[in-house]
Amino acid sequence: MSAKLTLYYFVGSMPSRACVILSKVLNIPIELRSINLYEREQHSEWYKKLNPAKKVPVLIDGDFILTESRAILAYLVDTRHPGNSLYPKDEKKRAAIDERLHFDGSS
Numbered sequence: 337m338s339a340k341l342t343l344y345y346f347v348g349s350m351p352s353r354a355c356v357i358l359s360k361v362l363n364i365p366i367e368l369r370s371i372n373l374y375e376r377e378q379h380s381e382w383y384k385k386l387n388p389a390k391k392v393p394v395l396i397d398g399d400f401i402l403t404e405s406r407a408i409l410a411y412l413v414d415t416r417h418p419g420n421s422l423y424p425k426d427e428k429k430r431a432a433i434d435e436r437l438h439f440d441g442s443s
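Laid out in structure tokens, this is it:
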């Protein structure tokens with residue numbers, strides 16, 4: 337686990353804000369780097385190397401990159417606050433949280 341986390345985000349993005357809010361609630365030190373979607377900064381070559389889907393947020397932890405907000409949320413709790421009640425280790429409790437995290441992805 338790297339000591340330094342970097343989050344590329346856009347303030348108008350709900351998934352980005354969820355990651356920023358969680359980092360503040362759990363007091364996780366994180367470097368925030370704003371991506372201006374209005375200026376299409378997410379289409380720049382350097383950003384496409386981080387996330388070929390050209391979306392926000394993107395979390396960088398050393399040489400590890402995550403590009404999906406729900407995965408970022410789970411990763412932050414698991415690596416910085418393991419066992420936290422926000423994402424518990426108990427399989428049934430965790431499954432119930434996963435169900436709610438992913439409800440909008442089902443048809």
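According to this note's numbering, the sequence shown is numbered sequentially starting from 337. Think of the CB as a built atom: it goes at the ideal place given N, C-alpha and C, for glycine as much as any other residue. Model, not experiment: these values are computed from the prediction.
Per DSSP, the bridge partner or partners of ASP397: LEU341 and PHE400
Burial state of LYS391, where buried means 16 or more other Cβ atoms lie within 10 Å: buried
Span separating the alpha-carbon of ARG369 from that of PRO388: Computed Cα separation, rounded: 18 Å.
Closest Cα partner of GLU377 within the set PRO393, MET350 and ARG416: PRO393
Alpha helix (DSSP H) segment containing ARG369, residue limits: Boundaries for ARG369: no alpha helix (DSSP H) harbours it, while the beta strand (DSSP E) harbouring it runs 367-370, taken from the DSSP string.
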